[in-house]
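Peer 1: Sending over a structure as structure tokens; questions will come in a sec.
Protein chains: 4
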Amino acid sequence: MSLYSEIFYSTEINGLFSDRNTIAEMLRFEAALAQAQAKNGIVSETSAAIIVDCCDAYLIDIEKLKSEIKLGGNAAIPLVKQLTRIVKNNDVEASKMVHLGATSQDVVDTAMVLQIKAFLAWLEPKLSQLRLLLVALTQKHRSTLMIGRTLLQQARPITFGLKTAGWLQRVKQCQELISETKKRVLCLTLGGAVGSGNDSINRKVQLTMAELLEIAPPSGVGGLSEWASVLGILVGSLGKIAKDVSLLMQTEVGEVLEGAGEGKGGSSTMPHKRNPVTCAALLANATRTPHLVATVLSAMPQEHERSAGLWHSEWEVLVELMTLTAGSVERAIELVGGLEVDEKRMLANLEVTKGLIYAENVSLALAPKMGKMQAHELVEKACKMAIHQQKHLKEVLIDFQLDLPDLEELFKPENSIGLSLELIDEVLRQV
Amino acid sequence: MSLYSEIFYSTEINGLFSDRNTIAEMLRFEAALAQAQAKNGIVSETSAAIIVDCCDAYLIDIEKLKSEIKLGGNAAIPLVKQLTRIVKNNDVEASKMVHLGATSQDVVDTAMVLQIKAFLAWLEPKLSQLRLLLVALTQKHRSTLMIGRTLLQQARPITFGLKTAGWLQRVKQCQELISETKKRVLCLTLGGAVGSGNDSINRKVQLTMAELLEIAPPSGVGGLSEWASVLGILVGSLGKIAKDVSLLMQTEVGEVLEGAGEGKGGSSTMPHKRNPVTCAALLANATRTPHLVATVLSAMPQEHERSAGLWHSEWEVLVELMTLTAGSVERAIELVGGLEVDEKRMLANLEVTKGLIYAENVSLALAPKMGKMQAHELVEKACKMAIHQQKHLKEVLIDFQLDLPDLEELFKPENSIGLSLELIDEVLRQV
Amino acid sequence: MSLYSEIFYSTEINGLFSDRNTIAEMLRFEAALAQAQAKNGIVSETSAAIIVDCCDAYLIDIEKLKSEIKLGGNAAIPLVKQLTRIVKNNDVEASKMVHLGATSQDVVDTAMVLQIKAFLAWLEPKLSQLRLLLVALTQKHRSTLMIGRTLLQQARPITFGLKTAGWLQRVKQCQELISETKKRVLCLTLGGAVGSGNDSINRKVQLTMAELLEIAPPSGVGGLSEWASVLGILVGSLGKIAKDVSLLMQTEVGEVLEGAGEGKGGSSTMPHKRNPVTCAALLANATRTPHLVATVLSAMPQEHERSAGLWHSEWEVLVELMTLTAGSVERAIELVGGLEVDEKRMLANLEVTKGLIYAENVSLALAPKMGKMQAHELVEKACKMAIHQQKHLKEVLIDFQLDLPDLEELFKPENSIGLSLELIDEVLRQV
Amino acid sequence: MSLYSEIFYSTEINGLFSDRNTIAEMLRFEAALAQAQAKNGIVSETSAAIIVDCCDAYLIDIEKLKSEIKLGGNAAIPLVKQLTRIVKNNDVEASKMVHLGATSQDVVDTAMVLQIKAFLAWLEPKLSQLRLLLVALTQKHRSTLMIGRTLLQQARPITFGLKTAGWLQRVKQCQELISETKKRVLCLTLGGAVGSGNDSINRKVQLTMAELLEIAPPSGVGGLSEWASVLGILVGSLGKIAKDVSLLMQTEVGEVLEGAGEGKGGSSTMPHKRNPVTCAALLANATRTPHLVATVLSAMPQEHERSAGLWHSEWEVLVELMTLTAGSVERAIELVGGLEVDEKRMLANLEVTKGLIYAENVSLALAPKMGKMQAHELVEKACKMAIHQQKHLKEVLIDFQLDLPDLEELFKPENSIGLSLELIDEVLRQV
């Protein structure tokens with residue numbers, strides 16, 4: 011799956027989920043456990059120090075570990091076995107204290123939480139960066155006139171800033187969600203064999219260990235399904251940006267372009283094309299992630315104190331969700347940061363319908379005089395004539411000799427953007 | 011789909027999403043719009059009063075409306091048409107003010123939000139009720155000894171209260187989630203044709219209208235994907251309870267039973283069976299909802315200012331999610347409220363392995379003397395002998411003549427529940 | 011969910027899955043069982059005749075049945091109970107023979123198969139109709155020139171017939187799939203309590219009963235997951251048609267239009283719009299069905315001889331899949347049957363890029379002379395100049411003074427459609 | 011994601027989808043294209059021979075290629091670029107003929123098909139092996155008595171062979187499905203820029219090329235969604251086996267065990283456990299694959315002649331589906347091949363209910379005398395008494411003094427397995 015490591019993913023973050031790094035996080039758990047037990051008088055300081063020294067991922071034989079996962083069913087069992095041997099080579103007493111009172115799920119789930127934490131340390135600044143780019147884009151195009159489209163049809167004018175303000179709001183909302191979710195996700199798991207705890211991993215040990223790892227103490231329930239959902243919402247929100255851009259990039263629309271890199275977006279057979287390559291990656295990820303979220307939700311009704319299969323299904327899926335999210339965030343930054351906006355084309359496209367997009371203006375102007383329904387019907391008739399005679403709607407209406415002194419004003423885009431500017435300013439105030 | 015209206019769903023709530031009620035909520039939008047516009051001087055008080063009077067779902071020809079949805083693509087278009095005619099029959103001037111400045115999506119999405127609000131008014135007390143039942147069950151069985159099971163294997167003793175405390179924590183966490191989500195979900199949509207607003211639906215009108223409908227003003231981004239996720243997490247959490255109960259009800263386990271109703275859980279061919287009928291409904295719903303959540307997430311990358319198809323896919327799916335959630339919550343209340351616990355069978359099952367479940371106790375007791383790994387291996391050997399010779403592990407260990415003065419104590423379940431009681435008390439304190 | 015019964019669904023088929031009809035199919039099972047047992051000497055002809063007479067859905071109290079489903083967990087238990095009472099009122103002896111040797115799953119699953127059979131009797135002629143419409147459309151537009159688009163960019167000319175031939179091939183493939191799947195789906199279920207059969211439902215009874223119901227004898231494994239997949243593929247294939255049409259209907263493209271009905275596709279606020287309403291319904295369905303297929307696949311690992319929950323999750327989901335499929339097929343027929351094609355606009359759009367779409371022609375013409383890579387690079391340069399200078403590519407190339415005597419021919423769309431016509435003819439030959 | 015390469019996947023097959031091998035398959039396409047063009051006089055034999063020689067994956071700089079994928083959006087563009095340079099270093103003329111007339115999608119999709127073909131060459135013998143193992147298991151346990159269970163409750167006796175015959179039928183059905191699907195999946199894609207073909211890739215070239223690659227000529231529509239569905243059905247079918255085994259392995263049931271390897275299934279803290287590790291892997295995969303199938307189905311409504319995003323989403327997901335399938339098949343072979351069956355425990359478990367499982371026998375024996383409903387009710391009463399008084403049902407019935415001369419026989423499991431043996435023999439005959 012790595013052929014596409016630079017398009018659907020982020021090379022900055024892929025390493026975080028490497029075998030070596032996953033093992034390193036599991037060993038961080040074991041080291042912190044020994045330290046916390048030492049601080050609470052359960053393990054000697056000497057033993058703990060030796061264990062901590064041995065918790066080095068480079069001492070682990072990963073190939074051996076992988077083949078043993080098949081026997082034990084998870085990565086913790088063979089890892090603890092290797093670690094214990096390494097410690098024993100240094101100190102027999104200390105080796106008796108390795109993994110004391112803990113169980114496989116404690117290690118595996120906490121290591122996942124530590125990876126999520128590291129991922130968040132990457133993600134949050136990236137989202138701030140994306141947000142700043144969107145703020146700048148929105149400010150720049152606050153008044154850039156363009157057509158708004160509903161059901162893929164030209165509807166009424168907006169400004170490009172209103173569109174990007176919507177993108178910005180989505181990103182902001184995701185930041186809020188992430189911020190609220192963190193407290194339920196970044197928790198230690200330390201329950202022992204059946205989650206009932208024991209003297210070696212008592213409340214004090216839990217608190218000390220949580221402090222050492224800079225996460226919250228055990229909450230009893232994980233937040234992984236919530237975490238998965240939030241990532242799904244984030245990737246979907248970025249997919250929305252890509253959907254808009256890819257549609258705006260259509261040859262017949264041509265209002266924006268992905269920033270051109272050397273050779274970027276070229277087709278192997280058509281030298282003139284400017285393919286929405288970055289959008290395609292964002293949309294591909296947004297197509298995949300909802301199903302990964304559903305996998306995690308499907309795995310919720312786990313059997314008793316630990317599941318046979320459902321728990322196992324989460325491991326890779328959560329990693330896939332995070333790596334795809336990272337790819338989407340990185341692509342979104344590239345997309346928004348490099349976006350080329352063709353303001354002239356936007357203006358030109360406002361004239362494509364020969365005034366039909368201003369029909370509602372006329373309708374609204376007529377409504378107080380003749381009622382909404384009749385106004386609607388009259389304008390509908392005028393539109394049909396305009397289409398049939400290939401005339402501009404304004405001309406047709408002039409022929410109708412309606413009582414509309416400000417007809418000219420009704421056909422100016424800047425008069426038809428409603429409260430776009432106010433709405434944009436409100437969004438910018440909030441962020 | 012209604013044949014199963016009483017098993018997968020809740021008859022209390024199904025009506026909330028009836029055609030009539032959906033239309034009523036859409037008319038509440040139209041009425042509040044007119045009122046808010048009147049309060050802000052956009053529409054006359056008289057016109058608004060007439061519109062409000064006409065906003066009565068019983069005046070609407072639903073069959074006609076349904077057939078016209080196919081033409082317009084959503085329910086708002088034919089509804090506004092019918093409403094306008096009704097108003098016009100009363101007052102021509104007022105009819106010009108119907109739906110002024112609004113668009114279909116404003117009506118449809120706000121009506122959905124109003125239904126969510128009504129749903130929440132039902133859901134939240136139900137969750138409180140479920141929580142109280144779980145608190146009572148946990149208190150009652152705080153010390154009820156049973157075996158904890160991992161990977162479907164007997165592992166170590168816990169108390170039944172520890173298991174139910176885990177269920178309780180999940181419900182509590184869902185309540186928190188719902189509470190945090192509400193602020194992003196319960197918002198007015200009022201953006202007009204392309205979301206840019208206009209003078210008829212300016213900020214003042216929005217604020218007044220939001221106040222009238224007792225929801226928040228427009229946020230610019232919906233929270234529907236978050237709402238869907240939260241429902242998915244709730245149904246999954248309740249599915250966990252059902253999974254545990256259905257496994258504990260197995261003939262060979264027999265530790266709990268769904269409360270017996272007259273004829274409940276009977277099989278058509280086997281008069282003796284006590285089928286986990288309520289659990290089956292909860293598990294069926296938990297099988298379906300993750301995919302419905304994914305549908306909503308899949309629908310996120312919507313085109314431009316309104317989507318052609320993705321928006322449409324949300325309508326029924328959100329309703330299905332809510333009605334299945336209601337069914338699950340109602341079933342969970344029945345299940346937890348009526349649960350019969352067989353404490354004797356729980357005790358008896360602790361002896362099924364002839365002491366093997368206490369192996370870790372022995373292992374931990376020996377670890378300080380000989381190291382974790384060796385202790386583990388010695389006990390593994392003893393276990394194999396016990397199995398092979400069909401003897402109790404305690405007897406085998408006595409033959410080994412180990413230095414374990416407290417051997418007897420190691421085989422008492424009440425000494426093997428770790429910190430179960432403390433953990434339970436902590437959970438009960440929190441809720 | 012019925013508010014949208016005419017847009018996402020088909021009114022022709024919705025009734026097939028009504029409560030009354032579902033019960034009627036279950037009673038057909040009971041009647042055929044009694045008849046088959048009579049023909050094989052297990053039940054008297056008299057008893058069977060009485061049972062058959064009583065198998066009338068209008069004798070069943072549906073509300074009572076629904077409330078009892080909750081007790082027994084499926085519809086068969088209360089139905090058999092009511093049926094037995096009805097028979098008993100006629101003849102005590104006969105009442106002893108009702109449902110003899112069968113179990114709930116036999117009734118429920120076979121009734122589903124009978125509904126699938128009825129659904130197929132509707133579906134297959136509809137697909138033939140759709141296929142004929144696509145054949146006619148393809149024949150009509152065999153030579154209608156238009157631009158082919160990849161990654162939403164204009165690429166090279168094709169004919170509209172080539173596009174519709176692709177739609178046609180998809181429909182044809184779905185017909186093949188359905189045809190192959192039928193033999194595995196349309197099977198009797200008759201296994202008794204645990205699927206082991208018994209003397210009352212022996213092989214002879216099974217064969218007779220299968221013959222009476224015009225389905226295949228029990229196969230031991232259902233084909234429901236395959237059936238779900240096939241429906242998913244069909245709805246996705248029709249979604250492809252809708253995606254293309256909705257994009258071609260964009261204001262800036264305008265090459266096709268959904269057929270106009272009275273008031274169809276109108277917007278509530280913009281009188282000039284022609285919304286792709288039918289496409290939206292098709293795309294909404296195509297957004298939902300993949301997740302319903304996944305639900306059925308998720309429900310495959312069922313416990314032992316009958317599942318607690320996974321089986322239950324299939325019932326409504328399969329019906330939903332079928333009703334959404336029916337809606338999509340009906341919408342596709344309307345869409346294809348009514349499609350308006352604007353050949354002039356198609357021709358005009360071929361000129362939008364000022365010749366850039368012919369760049370590959372030039373590239374291919376130059377390749378034998380200078381190598382593919384160099385030709386590609388030279389043409390890329392020419393394209394950039396054309397864009398920059400807002401000139402037609404042909405003019406730029408003339409300035410380059412290349413050795414290209416047939417330059418003019420390279421820029422004619424009819425010379426650039428490759429083997430479109432041959433491919434179309436091949437497809438038409440096959441269907 | 012590779013930490014779990016040996017548990018969820020198959021090391022035998024993982025390599026098939028490596029970067030190097032994917033590129034090798036893409037180069038096989040390019041080589042075959044040149045050869046086919048040479049055989050049809052489009053390219054000189056000399057040029058083709060040089061191109062074929064250069065189509066060596068070890069000549070490709072993979073890291074460079076990966077970073078360029080991001081620019082072009084797929085692997086074909088940078089690969090063709092590298093290949094052309096390599097060929098040019100050998101022969102300038104030949105370099106002009108590389109990839110002649112083809113487009114990226116032709117290469118990418120055909121390479122996927124070639125990988126599917128290689129995967130099938132591995133899969134089909136594996137499924138035959140699994141089938142043989144299931145035949146042997148079924149033959150061995152044709153008469154091994156055990157309890158059948160519905161809704162997780164003991165129901166009536168079956169034989170273990172009947173259960174395994176059901177597993178066997180599922181595998182056989184998947185083999186049939188795969189066999190039928192192949193013809194639609196294993197097809198060449200060769201349509202050029204917009205799928206319209208051109209003289210360099212005319213029908214003759216297509217036929218020759220298909221012959222060279224030993225796949226079918228282009229069909230115009232892919233079968234990838236069907237292929238994904240079939241894999242989903244296979245993994246779900248194997249998940250069913252794992253679900254049954256994991257439940258039968260429960261400590262309180264203990265009827266079968268996964269074959270013990272050195273250290274297999276051990277728990278890190280409980281030396282006595284025999285965890286269903288292989289089942290957990292199979293169930294984890296069966297939890298994940300439905301969602302991957304749904305991803306492929308979601309990607310069906312692709313835009314125009316090539317999609318921006320949906321096409322891209324298929325690449326990794328199809329590979330993931332195949333590698334998880336391979337893991338499940340390999341695990342299933344291990345599971346079935348090594349299964350330990352405890353026939354004594356199966357017999358013992360038949361007595362757990364103290365005769366209640368024979369209640370239906372009694373009910374059926376009484377039905378002809380008193381009617382089905384009354385018999386059911388009488389036996390229900392007897393069962394309740396038996397439970398209440400903790401007596402064996404047989405004893406209770408003796409006290410009832412019913413007219414049942416063969417009472418003893420009704421309580422023998424071998425008399426209660428219905429037609430199990432006949433059904434098993436029928437299944438064995440078919441395979």
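Residue numbers (the working numbering), protein chains in the order written: chain A, 11 to 441; chain B, 11 to 441; chain C, 11 to 441; chain D, 11 to 441.
Ideal placement from N, C-alpha and C gives every residue a C-beta, glycine not left out.
All of these numbers come straight from a predicted model, not from anything done at the bench.
Residues in its own chain within less than 8 Å of B:PRO286 by CB, not counting five upstream and five downstream?
Peer 2: On the second sequence, position 276 is the one that residue 286 of chain B refers to. Closer than 8 Å at the Cβ level, and outside the excluded window around B:PRO286, lie ALA252, VAL255, SER256, MET259, GLU268 and GLY275.
Peer 1: Can you name the start and end residues of the alpha helix (DSSP H) that B:GLY246 belongs to?
Peer 2: Along the second sequence, one-based indexing puts residue 246 of chain B at 236. That run of the alpha helix (DSSP H) goes 234-258.
Peer 1: Please report the residue range of the alpha helix (DSSP H) in which B:ARG141 lies.
Peer 2: Taking the first residue of the second sequence as 1, we reach residue 141 of chain B at position 131. Taken as a continuous stretch (DSSP letters only), the alpha helix (DSSP H) holding B:ARG141 covers 114-150.
Peer 1: Any idea which residues DSSP pairs D:ILE197 with across the strands?
Peer 2: Locating residue 197 of chain D in the fourth sequence gives position 187, where the first residue counts as 1. Residue 197 of chain D is actually Cys in this sequence, not Ile. BP columns for D:CYS197 point to D:ALA226.
Peer 1: Considering only the alpha carbon of each residue, which of B:LYS354, B:LEU162 and B:GLU424 lies closest to D:VAL263?
Peer 2: Here residue 263 of chain D is taken as the residue at index 253 of the fourth sequence, counted from 1. Here the closest residue by C-alpha is B:LEU162.
Peer 1: Given that C:ALA290 touches chain B, what residues does it touch there, using C-beta distances under 7 Å?
Peer 2: Taking the first residue of the third sequence as position 1, residue 290 of chain C is located at position 280. Those within 7 Å of C:ALA290 in chain B are GLY83, ALA318, GLY319 and HIS322.
Peer 1: Quick one: measure Cβ to Cβ for C:TRP132 and C:ILE23, integer angstroms, because I've assumed they're closer than 8 Å.
Peer 2: The residue labelled residue 132 of chain C in the question sits at position 122 within the third sequence. The residue labelled residue 23 of chain C in the question sits at position 13 within the third sequence. That pair is a contact at about 6 Å.
Peer 1: Looking at B:GLU350 and the ligand SAM, is the gap between the Cβ and the nearest heavy atom below 7 Å?
Peer 2: In the structure on display, the ligand SAM does not appear, and there are no ligands present to speak of.
Peer 1: Would you verify that the beta carbon of D:SER308 is, or is not, closer than 8 Å to some beta carbon of chain A?
Peer 2: The count along the fourth sequence starts at 1 and reaches residue 308 of chain D at position 298. By the rule that beta-carbons nearer than 8 Å mark a contact, D:SER308 touches chain A.
Peer 1: So, helix, strand or coil for B:LEU155, using DSSP?
Peer 2: The sequence position of residue 155 of chain B within the second sequence is 145, counting from 1. Three-state result, B:LEU155: strand.
Peer 1: Going along chain D, which residues have a C-beta under 7 Å from B:PRO286?
Peer 2: Here residue 286 of chain B refers to the residue found at position 276 of the second sequence. The answer, in chain order, is LEU161 and LEU162.
Peer 1: Excluding five sequence neighbours on each side, which residues of the same chain lie with their C-beta closer than 6 Å to the C-beta of B:LYS36?
Peer 2: In the second sequence, the residue the question calls residue 36 of chain B occupies position 26. The sequence shown places Met at residue 36 of chain B, rather than the Lys named in the question. Cβ within range, chain order: LEU89, VAL117 and ALA121.
Peer 1: Less than 8 Å between CB atoms is the rule here; does D:PRO423 satisfy it with respect to chain B?
Peer 2: Reading the fourth sequence from its first residue, position 413 is the one you call residue 423 of chain D. Chain B contact via Cβ: absent.
Peer 1: Is the CB-CB distance between B:LEU187 and B:VAL240 below 8 Å?
Peer 2: Sequence index remark: in the second sequence, residue 187 of chain B carries index 177 (1-based). Sequence index remark: in the second sequence, residue 240 of chain B carries index 230 (1-based). Yes, Cβ-Cβ distance for B:LEU187 and B:VAL240 is below 8 Å.
Peer 1: Beta-carbon separation of C:ALA296 and C:VAL231 under 8 Å?
Peer 2: Mapped onto the third sequence, residue 296 of chain C falls at position 286. Mapped onto the third sequence, residue 231 of chain C falls at position 221. Cβ distance not < 8 Å, so C:ALA296 and C:VAL231 don't count as in contact.
Peer 1: Which full runs of the alpha helix (DSSP H) of 4+ residues lie inside the segment 58-117 of chain A, going along the chain?
Peer 2: 72-82, 86-100 and 102-105
Peer 1: In terms of alpha-carbon separation, which member of C:ALA220, C:PRO311, C:GLY202 and C:LEU155 lies closest to C:PRO167?
Peer 2: By one-based count along the third sequence, residue 167 of chain C stands at place 157. The residue with the shortest Cα to Cα distance from C:PRO167 is C:LEU155.
Peer 1: Cα separation between A:LYS76 and A:LEU110?
Peer 2: What you label residue 76 of chain A is simply residue 66 of the first sequence in a count that begins at 1. What you label residue 110 of chain A is simply residue 100 of the first sequence in a count that begins at 1. If I take the Cα positions, the gap works out to 23 Å.
Peer 1: Once you ignore the five residues that flank B:LYS98 on each side, which residues in its own chain have a CB closer than 7 Å to its CB?
Peer 2: Counting from 1 along the second sequence, the entry for residue 98 of chain B is found at position 88. Correct list, in chain order: SER105.
Peer 1: Return yes when the Cβ of B:LEU414 is within less than 8 Å of the Cβ of B:CYS393, no when it is not.
Peer 2: The residue you call residue 393 of chain B lines up with position 383 of the second sequence. The residue you call residue 414 of chain B lines up with position 404 of the second sequence. Going by C-beta atoms, B:CYS393 is not nearer than 8 Å to B:LEU414.
Peer 1: Out of A:GLN411, A:GLU432 and A:HIS402, state which residue places its alpha-carbon closest to the alpha-carbon of A:PHE421.
Peer 2: Reading the first sequence from its first residue, position 411 is the one you call residue 421 of chain A. Among A:GLN411, A:GLU432 and A:HIS402, the Cα nearest to that of A:PHE421 belongs to A:HIS402.
Peer 1: What three-state label does DSSP hand A:MET11 in the structure shown?
Peer 2: Position 1 of the first sequence, counted from the start, is the residue given in the question as residue 11 of chain A. The predicted model places A:MET11 with a pLDDT of 48, which falls under 50 and marks its position as unreliable, so this point remains unresolved.
Peer 1: Could you pull out every residue in the same chain whose Cβ sits closer than 8 Å to the Cβ of C:MET356, ignoring the five residues on either side in sequence?
Peer 2: Against the third sequence, residue 356 of chain C aligns to sequence position 346. The beta carbon of C:MET356 sits closer than 8 Å to the beta carbons of THR154, LEU155, MET156, ILE157, PHE170 and GLU265 from its chain, once the five residues preceding and following it are set aside; these are given in chain order.
Peer 1: Which whole-angstrom value describes the C-beta separation of A:THR335 and D:LEU13, a residue pair presumed to lie in contact below a C-beta threshold of 8 Å?
Peer 2: Position 325 of the first sequence holds residue 335 of chain A. Position 3 of the fourth sequence holds residue 13 of chain D. Not really, about 20 Å apart at Cβ, beyond 8 Å.
Peer 1: If we ignore side chains and look at the alpha-carbon of each, how far apart do B:GLU424 and A:LEU223 end up?
Peer 2: Taking the first residue of the second sequence as 1, we reach residue 424 of chain B at position 414. Taking the first residue of the first sequence as 1, we reach residue 223 of chain A at position 213. About 32 Å.
Peer 1: Leaving aside the five residues before and after C:GLY205 along the sequence, list all residues of the same chain whose C-beta is less than 6 Å from its C-beta, in chain order.
Peer 2: If you number the third sequence from 1, residue 205 of chain C lands on position 195. The residues are GLU315.
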